[in-house]
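Colleague: Input: one structure, supplied below.
Following this line, the structure appears as structure tokens:
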């Protein structure tokens, strides 16, 4: 017997399929197609967001190209030690202060905290020039790589969660080297990390914050949208859920909110530009407004761009920084 055909007493008869059965089969077929299409699109969305999350956790950072001695004739030591959490390793340069013969050891140290997507050299700031200037002002200087910037001790970017432990390890090291006054000079996410570290440590005596960036799902999306035009929802939710797969750290608004609402006991000198397209200067204004320390202040530079504030007016920039350091 063939499908749909039946032979009765030598005569062939066509079986009649009820109309409602045809409609049911058609609806099932359409449903299967719709489910397949949505499943395919969901996989595409998930995979694309997973790739974005992976690239955020492991950003491209160039290798170190020089060192303090080759660039500025500054004597330095290589120092490697575990982060305060013990989960990652910190690779750093320790540059002793350029003191007169009457004093052999400086008890004040400045830690340069670089931004996301850069290493300790961060040429657009530029770090070597700042290290040289601080060295001449009798400060020891520590330059180091966060884990996501290190080629030797590579670790994922955790948006401050583990980076703060790396920075606190540098603070511990500076103190072990005899520092009694420790100042962290942070740039972009390195400034946001400095604020997060200062919430947990009394060893930090002051912060200089240039173009400070506070990592959160919202600020992440603002920066991501400059490169990929994706809707805010569900983009931020998906990436926030995927990032822990690569970093083993939860990504949330909590650290940013803690910083925004905090009145720090130590002086903060905040420098921000009105044309910063990565970190809204209104956030800097909000943080500055919460500070009650008499030496805390905010300098908003008209048309200043993200991490290019030093280059806009180097003389005034260093004059203001020097005045802040002398006051504290």
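Residue numbers (the working numbering): 144 to 471.
Ideal Cβ positions, reconstructed from N, Cα and C, are used throughout, including at glycine.
(1) Could you tell me the alpha carbon to alpha carbon distance between residue 436 and residue 407, rounded to whole angstroms?
(2) Express the C-alpha separation of residue 258 and residue 265 in angstroms, rounding to a whole number.
(3) Could you check whether the stretch 424–444 touches the stretch 321–333, counting it as contact only if at least three pairs of C-beta atoms, one from each stretch, sit closer than 8 Å?
(4) Helix, strand or coil for residue 422 per DSSP?
(5) Helix, strand or coil for residue 245 per DSSP?
(6) Assuming residue 283 is part of the beta strand (DSSP E), what are its boundary residues?
(7) Is the CB-CB distance between residue 409 and residue 468 below 8 Å?
(8) I need the boundaries of the alpha helix (DSSP H) containing residue 334, first residue and last residue.
(9) For residue 309, count neighbouring Cβ atoms within 10 angstroms of its own Cβ and tell me buried if that reaches 16, exposed if not.
(10) Using the Cβ count rule (16 or more neighbours within 10 Å means buried), how would you classify residue 464?
(11) Measuring CA to CA, which of 443, 294 and 371 is closest to residue 231?
(12) Find out if the Cβ-Cβ distance for the pair residue 394, residue 386 is shorter than 8 Å.
(13) Compare the Cα-Cα distances from residue 444 to each of 280, 432, 434 and 413 and report the closest residue.
(14) Three-state secondary structure (DSSP) at residue 375?
(15) For residue 358, does the three-state DSSP call read helix, strand or coil?
Modeller: Straight from the coordinates:
(1) For residue 436 and residue 407, the gap between their C-alpha atoms comes out near 7 Å.
(2) Rounded to the nearest angstrom, the two C-alpha atoms are 8 Å apart.
(3) Not touching, per the Cβ criterion.
(4) The DSSP-derived three-state label of residue 422 is coil.
(5) Note on residue 245: pLDDT 47, under 50, position unreliable in the model; the coordinate value appears next. The answer is coil: DSSP assigns residue 245 none of H, G, I, E or B.
(6) Here the beta strand (DSSP E) through residue 283 covers 283–288.
(7) No, the pair does not count as a contact, with Cβ atoms beyond the cut-off.
(8) 332–341 is the extent of the alpha helix (DSSP H) around residue 334.
(9) The residue is buried, with at least 16 neighbouring Cβ atoms inside 10 Å.
(10) So residue 464 counts as buried.
(11) For the set 443, 294 and 371, the Cα lying nearest the Cα of residue 231 is the one of 294.
(12) Cβ atoms of residue 394 and residue 386: closer than 8 Å.
(13) It is 413 whose Cα lies nearest to the Cα of residue 444.
(14) Judged by DSSP in its simplified three-state form, residue 375 adopts helix.
(15) Coil at residue 358, not helix or strand.
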